[in-house]
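Following: one structure in structure tokens, then a few remarks.
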Amino acid sequence: MPSPFPGMDPYLEGYLWPDVHHRLATQISRQLAPQIQPNYVARLEISVIEDTTFTAEVGVMYPDVEVLKVKPASPALPSSTGEIANGTKDNRIEIREGKMQGTLQAKQDLTRLLNKLITGYTPQRVILFGSYAYGKPDQHSDLDLLIIKETNKSPFQRRIEVGRIVRDQSRMTPIQPLVITPQELKEQLQKGNPFLIEILQKGEVLYDADRVKAAG
6 MPSPFPGMDP YLEGYLWPDV HHRLATQISR QLAPQIQPNY VARLEISVIE
56 DTTFTAEVGV MYPDVEVLKV KPASPALPSS TGEIANGTKD NRIEIREGKM
106 QGTLQAKQDL TRLLNKLITG YTPQRVILFG SYAYGKPDQH SDLDLLIIKE
156 TNKSPFQRRI EVGRIVRDQS RMTPIQPLVI TPQELKEQLQ KGNPFLIEIL
206 QKGEVLYDAD RVKAAG
């Protein structure tokens with residue numbers, strides 16, 4: 006059956022498909038937001054994971070828009086002072102000033118998210134890309150993360166794993182993770198994949214396990 010999406014195949018180019026879905030969801034959110042303010046806010050969510058019993062299969066859904074009641078902002082985290090690759094005294098990774106664009110809330114959300122990923126997912130590298138790395142993020146922007154990790158799981162299973170780690174995190178800034186193995190990255194770069202080349206050239210390396218090990 007020919008692909009209904011000219012220019013790409015979501016089955017063969019699954020790592021790019023979340024971008025298409027997220028841009029659609031962003032437009033829906035923009036249309037919906039003025040109609041539900043000030044009591045509600047329309048935000049984006051990477052996934053909703055349903056695990057009702059120990060024996061049931063885990064159901065993963067990707068909603069276009071999630072509508073939530075407005076909640077008070079969470080207490081501010083201590084401001085960061087060190088480089089991103091260095092741990093603080095309590096072994097937390099902090100986003101240093103000037104490392105990314107965006108609001109203080111987004112930086113706090115990214116700090117919490119990054120520490121959850123490091124301790125719960127053990128990635129080799131985490132790279133921030135998109136508007137928060139390249140500049141000019143707005144209220145509809147999300148945190149785009151390239152996560153490089155050695156794994157034999159399928160792309161779908163990787164989404165489930167990351168979703169489990171971040172699902173309990175209270176955050177205001179939506180995220181969009183992309184998990185890829187070192188071998189997959191190498192193969193795509195050899196093919197001249199412009200999407201990944203741009204990330205490596207313009208993205209911000211938030212975490213590098215080899216650098217942390219060498220510094221320790």
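Okay, so the sequence shown: first residue is 6 according to this note's numbering, each after it adds one.
Just so you know, even glycine gets a beta-carbon here, dropped at the ideal spot from N, CA and C.
Using a threshold of 8 angstroms, state whether the C-beta atoms of residue i and residue j are closer than that.
| i | j | result |
| --- | --- | --- |
| THR178 | GLN110 | yes |
| LEU211 | GLN181 | no |
| ILE202 | ILE132 | no |
| LEU194 | LEU150 | no |
| PHE4 | LYS207 | Residue 4 cannot be examined here, being either before or after the span of the chain that is shown, 6 to 221. |
| SER136 | SER146 | yes |
For residue i, which residues does DSSP report across the bridge?
| i | result |
| --- | --- |
| GLN181 | ASP149 |
| PHE134 | ASP149 |
Taking just the CA atoms, how far does residue j sit from residue i?
| i | j | result |
| --- | --- | --- |
| THR127 | LYS154 | 8 angstroms |
| GLU189 | ARG163 | 14 angstroms |
| VAL171 | LEU122 | 8 angstroms |
| PRO39 | ASN157 | 44 angstroms |
| GLN36 | ALA47 | 9 angstroms |
| HIS27 | ALA138 | 17 angstroms |
| VAL167 | ASN198 | 24 angstroms |
| ASP213 | ILE165 | 23 angstroms |
| THR116 | GLU192 | 30 angstroms |
| THR186 | PHE200 | 16 angstroms |
| ILE152 | ARG216 | 16 angstroms |
| ALA220 | LEU29 | 42 angstroms |
| LEU119 | VAL25 | 24 angstroms |
| ASN44 | SER34 | 15 angstroms |
| LYS141 | GLN113 | 18 angstroms |
| LYS218 | ILE41 | 48 angstroms |
| GLN32 | GLY125 | 32 angstroms |
| GLU209 | PHE161 | 25 angstroms |
| ASP143 | ARG169 | 27 angstroms |
Check residue i in the structure and name its three-state DSSP category.
| i | result |
| --- | --- |
| ASP143 | coil |
| HIS209 | In the sequence as presented, His is not what sits at residue 209; that position holds Glu. It is a strand residue. |
| THR124 | helix |
| GLU203 | helix |
| GLN193 | helix |
| THR31 | helix |
| LYS154 | coil |
| ARG164 | helix |
Between residue i and the ligand PLP, is the CB less than 7 angstroms from at least one heavy atom?
| i | result |
| --- | --- |
| PRO142 | For the structure depicted, the ligand PLP is absent and the ligand set is empty, with no information on it obtainable. |
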